[in-house]
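Undergrad:
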Amino acid sequence: MALKARLRQHYKYFLNNFQTRWSDNDQYGHVNNAIYYHYYDTIINHYLTTRCSLVPTSSPSIGLCVHSSSDYFRPVEFPSTLDLALAVTKLGKSSVTYEVGVFESGKEDVCAVGKFVHVFVDRDGRRPVGIDGAIRDGLESLVVEREEEAKL
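Okay, so the sequence shown: first residue is 1 according to UniProt numbering, each after it adds one.
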């Protein structure tokens, strides 16, 4: 099923006024597609560290990316100010599926939508562990139901 473009109202957490950089642009004059993955990683880890008490250097469990993808709806270029938006579309025992929307500041229509899946593992053994405590509480507050999922 094709992904529908999202609106701001579909997301629960925002990292606003994110400035693009000159080095984000490619030879075609717009932000290179690989840079969007930096944006996705930034908002997810910002949320985990500021709202879920994750300390990347010392927490007993860490999230490892096992899948990521991106859909592009309109180009962004330097200089632009972006609003990054985050939601959780699936929260399992040890994994979480995030959806990230990239918006130009002040605009309603999404420029890109990313999907990012973390599996939480034991820091030392790298074996899957349950998502508990402040991390689970923080992720639960971002859970949304998507139209495509509701129809299945």
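Glycine included, C-beta positions come from ideal geometry on N, C-alpha and C.
Kindly list the residues whose CB is nearer than 7 Å to the CB of A150, restricted to its own chain and excluding five residues on each side of it in sequence; keep chain order.
TA: Reading the sequence shown from its first residue, position 150 is the one you call residue 150. Only weak support is given to the placement of A150: the predicted model assigns it a pLDDT of 41, under 50, and the question is left unresolved by the model.
Undergrad: Could you give the DSSP three-state label for S70: helix, strand or coil?
TA: Numbered from its first residue, the sequence shown carries residue 70 at position 70. In this structure, S70 counts as strand in the three-state DSSP scheme.
Undergrad: Between the alpha carbons of S95 and G29, how many angstroms are there, rounded?
TA: Indexing the sequence shown from 1 puts residue 95 at position 95. Indexing the sequence shown from 1 puts residue 29 at position 29. Cα to Cα, S95 sits roughly 36 Å from G29.
Undergrad: Could you pull the start and end residues of the beta strand (DSSP E) that L84 belongs to?
TA: One-based indexing of the sequence shown puts residue 84 at position 84. Per DSSP, L84 belongs to the beta strand (DSSP E) from T81 to L91.
Undergrad: How many angstroms separate the CA atom of P79 from the CA atom of G125?
TA: Locating residue 79 in the sequence shown gives position 79, counting from the first residue. Locating residue 125 in the sequence shown gives position 125, counting from the first residue. When rounded, the distance between both Cα atoms is 43 Å.
Undergrad: Just to confirm the assignment, what range does the alpha helix (DSSP H) spanning N45 have?
TA: Translated into positions along the sequence shown, residue 45 becomes position 45. Start and end: N33 to R51.
Undergrad: Can you tell me which of F120, N32 and D41 puts its alpha carbon nearest to the alpha carbon of A85?
TA: For the purposes of this step, residue 85 is identified with residue 85 of the sequence shown, where counting begins at 1. With distances taken between Cα atoms, A85 lies closest to D41.
Undergrad: Checking the sheet assignment: what are the DSSP bridge partners for N25?
TA: Sequence index remark: in the sequence shown, residue 25 carries index 25 (1-based). According to DSSP, which records beta bridges pairwise, N25 is partnered with V31.
Undergrad: Alpha carbon to alpha carbon, how far is L142 from M1? Give it in angstroms, no decimals.
TA: Mapped onto the sequence shown, residue 1 falls at position 1. Mapped onto the sequence shown, residue 142 falls at position 142. Unreliable placement is indicated for M1, whose pLDDT of 45 sits below 50; the coordinate value is still reported in the next sentence. Taking the straight line joining both Cα atoms gives about 23 Å.
Undergrad: Take R21 and list the residues in its own chain whose beta-carbon comes closer than 7 Å to its own, dropping the five residues that flank it on each side.
TA: Taking the first residue of the sequence shown as position 1, residue 21 is located at position 21. These residues qualify, in order along the chain: F78.
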